[in-house]
Amino acid sequence: MKKRAFLVGSILIVWTLAALFWPVSLRISRDYSQVILAKDSTFLRVFLNSDKQWCLPPQLDSEIPANLRTAVLTYEDQYFDYHPGVNPIAILRAAYLNAKHQKVVSGGSTITMQVARMMEDEARTLFQKLIEIVLAIRLEAQYSKEEILREYLTHAPYGSNIRGFSAASFRYFEKKPDQLSWAQAATLAVLPNAPGLIFPGKNNEGLKAKRDQLLSKLLAKREIDQETFELSLLEPIPSEIIPFPLAAPHLTERIHLENELPVVYTTIDQSIQYETNFFLKQHAAQLQQMGIMNACALVVNNKTGEVASYVGSQNFDDLENQGRVDGVTSQRSSGSILKPFLYAAAIDEGLILPNTLIKDVPTYFESFSPNNASEQFSGIIPASKALIYSLNIPAVRLLNMYGLTKFYNLLESAGVQTLFRTADDYGLPLILGGSEVTPWDMAKLYSGLAKGGMFSDITYLKGNENESHRLLISSGASNLILEEMKELIRPGLEFYWKRYGNQKPIAWKTGTSYGHKDAWAVGATPDWTIVVWVGNFNGESNKGLSGMRSAGPLLFNILNILPESEDKRWFESDEEDFTEVKICSETGFYANPNCANVELSRVPVNMKPMRICPFHEKRILDESERYIVCSRCWGEHHVEQNVLRYPPDVNYYLWKNGGIVEAIPPHNPKCPVRQERDVLKIIYPLDHANLFVTKDFDGSYQPVVSRLATQFPDREVFWYLDDEFLGSTIRKPSLPLKLKAGAHQLAVVDSEGNRDEVGFSVIIN
Ligand SMILES: [Zn+2]
Ligand SMILES: [Zn+2]
Numbered sequence: 000m001k002k003r004a005f006l007v008g009s010i011l012i013v014w015t016l017a018a019l020f021w022p023v024s025l026r027i028s029r030d031y032s033q034v035i036l037a038k039d040s041t042f043l044r045v046f047l048n049s050d051k052q053w054c055l056p057p058q059l060d061s062e063i064p065a066n067l068r069t070a071v072l073t074y075e076d077q078y079f080d081y082h083p084g085v086n087p088i089a090i091l092r093a094a095y096l097n098a099k100h101q102k103v104v105s106g107g108s109t110i111t112m113q114v115a116r117m118m119e120d121e122a123r124t125l126f127q128k129l130i131e132i133v134l135a136i137r138l139e140a141q142y143s144k145e146e147i148l149r150e151y152l153t154h155a156p157y158g159s160n161i162r163g164f165s166a167a168s169f170r171y172f173e174k175k176p177d178q179l180s181w182a183q184a185a186t187l188a189v190l191p192n193a194p195g196l197i198f199p200g201k202n203n204e205g206l207k208a209k210r211d212q213l214l215s216k217l218l219a220k221r222e223i224d225q226e227t228f229e230l231s232l233l234e235p236i237p238s239e240i241i242p243f244p245l246a247a248p249h250l251t252e253r254i255h256l257e258n259e260l261p262v263v264y265t266t267i268d269q270s271i272q273y274e275t276n277f278f279l280k281q282h283a284a285q286l287q288q289m290g291i292m293n294a295c296a297l298v299v300n301n302k303t304g305e306v307a308s309y310v311g312s313q314n315f316d317d318l319e320n321q322g323r324v325d326g327v328t329s330q331r332s333s334g335s336i337l338k339p340f341l342y343a344a345a346i347d348e349g350l351i352l353p354n355t356l357i358k359d360v361p362t363y364f365e366s367f368s369p370n371n372a373s374e375q376f377s378g379i380i381p382a383s384k385a386l387i388y389s390l391n392i393p394a395v396r397l398l399n400m401y402g403l404t405k406f407y408n409l410l411e412s413a414g415v416q417t418l419f420r421t422a423d424d425y426g427l428p429l430i431l432g433g434s435e436v437t438p439w440d441m442a443k444l445y446s447g448l449a450k451g452g453m454f455s456d457i458t459y460l461k462g463n464e465n466e467s468h469r470l471l472i473s474s475g476a477s478n479l480i481l482e483e484m485k486e487l488i489r490p491g492l493e494f495y496w497k498r499y500g501n502q503k504p505i506a507w508k509t510g511t512s513y514g515h516k517d518a519w520a521v522g523a524t525p526d527w528t529i530v531v532w533v534g535n536f537n538g539e540s541n542k543g544l545s546g547m548r549s550a551g552p553l554l555f556n557i558l559n560i561l562p563e564s565e566d567k568r569w570f571e572s573d574e575e576d577f578t579e580v581k582i583c584s585e586t587g588f589y590a591n592p593n594c595a596n597v598e599l600s601r602v603p604v605n606m607k608p609m610r611i612c613p614f615h616e617k618r619i620l621d622e623s624e625r626y627i628v629c630s631r632c633w634g635e636h637h638v639e640q641n642v643l644r645y646p647p648d649v650n651y652y653l654w655k656n657g658g659i660v661e662a663i664p665p666h667n668p669k670c671p672v673r674q675e676r677d678v679l680k681i682i683y684p685l686d687h688a689n690l691f692v693t694k695d696f697d698g699s700y701q702p703v704v705s706r707l708a709t710q711f712p713d714r715e716v717f718w719y720l721d722d723e724f725l726g727s728t729i730r731k732p733s734l735p736l737k738l739k740a741g742a743h744q745l746a747v748v749d750s751e752g753n754r755d756e757v758g759f760s761v762i763i764n
């Protein structure tokens, strides 16, 4: 009998222990609000959890503040630190009180039991109460007091849809929990007891009475002194619920969609974000009066690659004007803002230096004929000026020389992620805004240039160290281009020059896309990269849109608010990045022996060898200095001259722009060899031909397409109609001619001076 009792007893004990320690997880819910924090860990934005409640994730607060703990335990569960999950005295007392009042006036629940109830989330029946008691004991057996208290405080209801002390602390007092006063801690202690009845703003008297009662109790227990008590009584009860902040709404929206982490630490600098937003809003208000509705801006710290501010539109809540669209990730035509990368890469390639002359004359590249925005041609212009004036023809020529595919690959490696078509599909217009880019990617590009050609990703996530750095442009070439882009005086910017002339330097570039749909201003200092885009999200064009005037001023407003680093140096150019070579002062190429003025110039140390100056040459004249002679036709006496000779199309535009162009003397007519023969031949129209041209339906004449045969298709060919220069062609043996009735003369000259000409008549039908 005894044995049997012992056996039953043993089984019971084992069973009880097993039940007690059978693992139970301390988990009321894992449904938290996503919290997105700025770099200084203040709130950028808090999202409702899936239950439409504000319940902040527990990892936000490392500790429960001592005063809150004391206030909560004093109010809810004085013996919390000692009881095993249930407090029998409290239960008996509650039963007695409930019986006496014939209704439930006290639950007698410990905090652990309340946690158990929240975990079970069932109706308050007597049976349910028993289950809670058992669960409470099991929780106590398996978890520390701190873990249980924290679970309680993290999920306790605080009125409205606010759950947990952390959300309550912010929404009632706009504070982090560790900054709560005793009066505030006491308020938060009494709120969960009857969150529906006591509610700030609704029943202040009732809430205040409860709080003050608790404060008296804290005084009696000597948790607070008399002075704290009296001051606490004077503190007002919160009268409203303070909304969570909403900063960087587009970025936080993007993070919310991309990232499921309950707490996201970003790199956003609250004050830079605030001020960028402020200036952008102000600027957009002016633009909107002109019918330009949208703008966005992005600021990146070049040293860290971290995004400091991210303003996706003029106003997140401007629903009428698509304010919810995130301009920072929108694909827009790049306009001219890719040009600096081509110029820098072309330096490394040995194609240009800042002073190297590039032709600026009408040119046909197969079927593509770019035009400058001004529709003026300077003839020939130094690369740096072509970049600053943002001339299209020199940029296209340079891209043609550099290689379209090579440049396309460079852009991709540097971080442009929106090149959806092939290089050939874009063609040479790629450099003029033919492709779409995002402000986000442009920040990567300009930041890379500012870092001496070292390109890497940028990030808005804190601690997101970037490991992939790609050196795509040499430090020397980057610095040479940044130096040119520092130039503030730009055409049409006299007003801004005066306004911004004396402020800190920035290397910047503007861009206006074809058809006035996008205006860009992008700039970099050693510390910062700023991208500003202005336009209409719906793609509507606006004649008033210009990178310089519409986007430029905002760039400078933002630049002004950015903190300067300790060393105010401009982009560091290490002497070892450069070497010195002899450069022709007038043309910017490697000097040849005939160059009149030669100077030592700094060039990137690994720059590929450059072309020898093609414009200075030795000219040998006969005694009379009337004819050019060669070794086959010079006499005993001849004269040598060093001359600067540009191609005929350049001369034409130099002359048109008021320059004096010296005529080239003809070759000695008595020369037995002269020149190459029949290198160029116009095959249409034929010499002496009569052309019948028909009128189109709209009254215009159809163009006559001339055709040319050449032995050297890669040579540039210059076309003249009735002595008027038409343009030049490369690898394109034809040119459409708009002809009036009557006699015409068409001439072609190649870069080596070979020529052919035909005369013909046009008869209009
Ligand atoms: Zn020269
Ligand atoms: Zn000769």
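Okay, so the sequence shown: first residue is 0 according to numbering that gives the first Met the number 0, each after it adds one.
Yeah, the Cβ is synthetic: ideal placement off N, Cα and C, and Gly gets one too.
Listed as beta-bridge partners of isoleucine 582 by DSSP are Tyr589 and Glu598. By the C-beta criterion, the stretch 163 to 177 is judged not to be in contact with the stretch 112 to 122, since fewer than 3 inter-stretch pairs fall below 8 Å. Asparagine 370 sits in coil when the DSSP states are folded into three classes, being neither helix nor strand. Its chain contains Ile619, Leu620, Asp621, Glu622 and Val628 as the residues whose beta carbon lies nearer than 8 Å to that of histidine 637, once the 5 sequence neighbours on both sides are disregarded; these appear in chain order.
Judged by the Cβ position, valine 628 qualifies as a neighbour of ligand 2 at the 7 Å threshold, a heavy atom of the ligand being closer than this. Per the coordinates, the alpha-carbon of leucine 725 lies some 53 Å from the alpha-carbon of alanine 247. DSSP places tryptophan 439 in the uninterrupted alpha helix (DSSP H) bounded by 438 to 449. Where arginine 44 is concerned, the enclosing beta strand (DSSP E) starts and stops at 42 to 45. Per the C-alpha coordinates, the member of Leu250, Trp519 and Asp526 positioned closest to arginine 548 is Trp519. Between the stretch 559 to 579 and the stretch 331 to 345, the count of Cβ pairs shorter than 8 Å is below three; the stretches do not touch.
Distance from leucine 481 to leucine 427 at the Cβ level is roughly 25 Å; contact not present, criterion being Cβ atoms closer than 8 Å.
Placement of the Cβ of cysteine 670 at a distance of less than 7 Å from at least one heavy atom of ligand 2 is found. Secondary structure note for valine 649: its alpha helix (DSSP H) is the uninterrupted segment 647 to 655. A distance below 8 Å between beta-carbons, with the five flanking residues on each side excluded, links aspartate 456 to the following residues of its chain, in chain order: Gly304, Gly414, Lys443, Asn465 and Ser467. Straight-line spacing of the CA atoms in alanine 590 and lysine 508 works out to 31 Å. Rounded to the nearest angstrom, the Cβ distance from threonine 586 to phenylalanine 614 is 5 Å, consistent with a contact under 8 Å. Contact between isoleucine 136 and proline 83 holds: CB atoms are separated by about 6 Å, below the 8 Å threshold. Taking one beta carbon from each stretch, the stretch 685 to 694 and the stretch 710 to 726 have fewer than 3 pairs nearer than 8 Å; the two do not touch. For arginine 149, the uninterrupted alpha helix (DSSP H) run begins and ends at 144 to 154, by DSSP. Under the DSSP assignment, valine 327 falls outside any beta strand (DSSP E); it carries neither an H nor an E label. Between the beta-carbon of aspartate 576 and that of valine 604 there is about 6 Å, and that keeps the pair under the 8 Å contact cut. About 24 Å separates the Cβ atoms of arginine 610 and leucine 679, ruling out a contact at the 8 Å cut-off. It is roughly 11 Å from the alpha-carbon of arginine 469 to the alpha-carbon of lysine 450. Around the beta carbon of glycine 107, 16 or more other beta carbons lie within 10 angstroms, which makes this residue buried. With a 10 Å radius around the Cβ and a threshold of 16 neighbouring Cβ atoms, isoleucine 682 comes out exposed. Listed as beta-bridge partners of glutamate 756 by DSSP are Ala746. Lysine 358 is classed as buried because its beta carbon has at least 16 other beta carbons within 10 Å across all chains shown. In this structure leucine 397 is not in contact with tyrosine 309, their Cβ atoms being roughly 33 Å apart against a cut-off of 8 Å.
Counting only the Cα atoms, isoleucine 12 lies some 10 Å from leucine 6. In this structure, leucine 471 and serine 412 form a Cβ contact; the two beta carbons are roughly 6 Å apart against a cut-off of 8 Å. Around threonine 404, the same chain offers Ala422 as residues with beta carbons nearer than 7 Å, after the five sequence neighbours per side are excluded. With fewer than 16 other Cβ atoms from the protein chains shown falling within 10 Å of its own Cβ, arginine 631 counts as exposed.
Judged by the Cβ position, glutamate 574 fails to qualify as a neighbour of ligand 1 at the 7 Å threshold, every heavy atom of the ligand being at least this far.
With a cutoff of 8 Å on beta-carbon distance, proline 369 and leucine 431 are scored as near each other. Close CB contacts of asparagine 160 within its chain, under the 7 Å cut and outside five residues either way in sequence, are with Lys51, Gln52 and Trp53 (chain order). Relative to ligand 1, glutamate 661 has its C-beta separated by 7 Å or more from all heavy atoms.
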